[in-house]
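Just so we're aligned: 158 in the UniProt record's numbering is position 158 of the sequence shown, and the numbers increase by one with no gaps anywhere. For each residue, glycine too, the CB sits at the ideal point set by N, CA and C. Structure first, then comments.
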Amino acid sequence: MASTAATKAKGKPQPLTDQEISQNHQRMQNELQGLAGKIGELDQESDEHSLVLTTLNEALADDPDRKCFRLIGGVLVERTVKDVVPTLRSNRDNISKLVANLTEQIDKFLDAHNIVRAAHGAADLVWNETLADAAQTWAKTCQVKHSDGTLLDTPYGENIVAATGLFGIATAMGQFILDKSEYDPENPTYNHFTQVVWKSTTQLGCSVARCGDIWSANLGTASYYVCLYEPAGNVVGEAL
């Protein structure tokens, strides 16, 4: 099940001023820095785990029953080195996997859009963490309907899709271009495909949530994808 949103225009869009272009560029730079910052924080946490492990591994070899203390819920708890080391290793490995998965997931969302956009003369989208956070907020509600512009103070485009079973990013994003054949330049209608390739759209943020109560229980858990776009596409009265 897939759905897209359209926006009404109040007239011919005005070209951006130099100041607005500069502001948009700065905002995009800030978004990229914010994403890099999040990944950097996770990398730093992984490095800190590795540093502690370097010390504890030496103690583990010499005296595995040596006492150490770990902060749990704001309380120092006494443990032995042999108890702490496996947990630290697991945490470090999980953080490293999280960083890799986050980067891979973003690349998959962008690639699924940008390959199609390139084929239709539209520039690549860049990742917008604010849009991604808003998409995550809506996906977690497990409401398979549009957010109607309630997630952000600025207008955004929106595509949503949900399905049960094996429904990865590439397959989900592929649903957004299935209605390509329905677009007629002589009698334009707006759908998922037009938002994906809308030329004035420059930024993308997507998220996915696992939802167990979208449809009847016998259908199983669904993957619910939400993608948000800025500037919004599917603007009635504007050209594709």
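- Counted as a single uninterrupted DSSP element, the beta strand (DSSP E) harbouring Gln203 occupies residues 203-211.
- When DSSP states are grouped into helix, strand and coil, Val116 belongs to the helix group.
- In the same chain as Cys227, and ignoring 5 residues on each side of it, the C-beta atoms closer than 6 Å to its own belong to Asn159, Cys206, in chain order.
- In this structure, the beta-carbon distance from Asn191 to Asp179 falls below 7 Å.
- Distance between Ser90 and Asp83, taken at the CA atoms: about 12 Å.
- Between Ala232 and Gly157, the gap from beta carbon to beta carbon is short of 7 Å.
- Residues Leu76, Val77, Glu78, Arg79 of the same chain have their beta carbon placed closer than 8 Å to that of Phe69, with the five preceding and five following residues left out of the count.
- Here the segment 193-201 does not lie against the segment 132-147, with fewer than 3 beta-carbon pairs under 8 Å apart.
- Collapsing the DSSP output to three states places Ser223 in a strand.
- By the criterion of a C-beta distance shorter than 7 Å, Asp213 is surrounded in its chain by Cys142, once the five residues flanking it on both sides are discounted.
- One Cα belongs to Val144, the other to Asp184, and the distance between them is close to 27 Å.
- Relative to Tyr224, the option among Ala134, Ala163, Val126 whose CA is nearest is Ala163.
- A residue is called buried once 16 or more other Cβ atoms fall within 10 Å of its Cβ, and Asn218, having fewer, is exposed.
- With respect to the 7 Å criterion, Leu152 and Ala135 are not classified as neighbours on the basis of their beta carbons.
- Separation of Ala112 and His146 (C-alpha to C-alpha, rounded to the nearest whole angstrom) is 21 Å.
- DSSP lists Leu204 as the bridge partner or partners of Trp127.
- Leu110 is the residue among Asp63, Leu110, Val81 whose C-alpha sits nearest the C-alpha of Leu204.
- Only residues of its own chain outside the window of five on either side were considered, and among them Glu78, Thr80 have a CB closer than 7 Å to the CB of Lys67, listed in chain order.
- The alpha carbon of Phe176 has as its nearest neighbour, out of Gly149, Thr189, Val161, the alpha carbon of Val161.
- Here the C-alpha atom of Ala61 lies approximately 17 Å from the C-alpha atom of Thr87.
- Bounds of the alpha helix (DSSP H) holding Thr194 are 192-197.
- Under the DSSP assignment, Thr171 falls in the alpha helix (DSSP H) whose first and last residues are 169-175.
- Counting of Cβ neighbours within 10 angstroms places Ile169 among the buried residues, the total reaching 16 or more.
- Note: Val75 is bridge-paired with Ile72 in the DSSP secondary-structure output.
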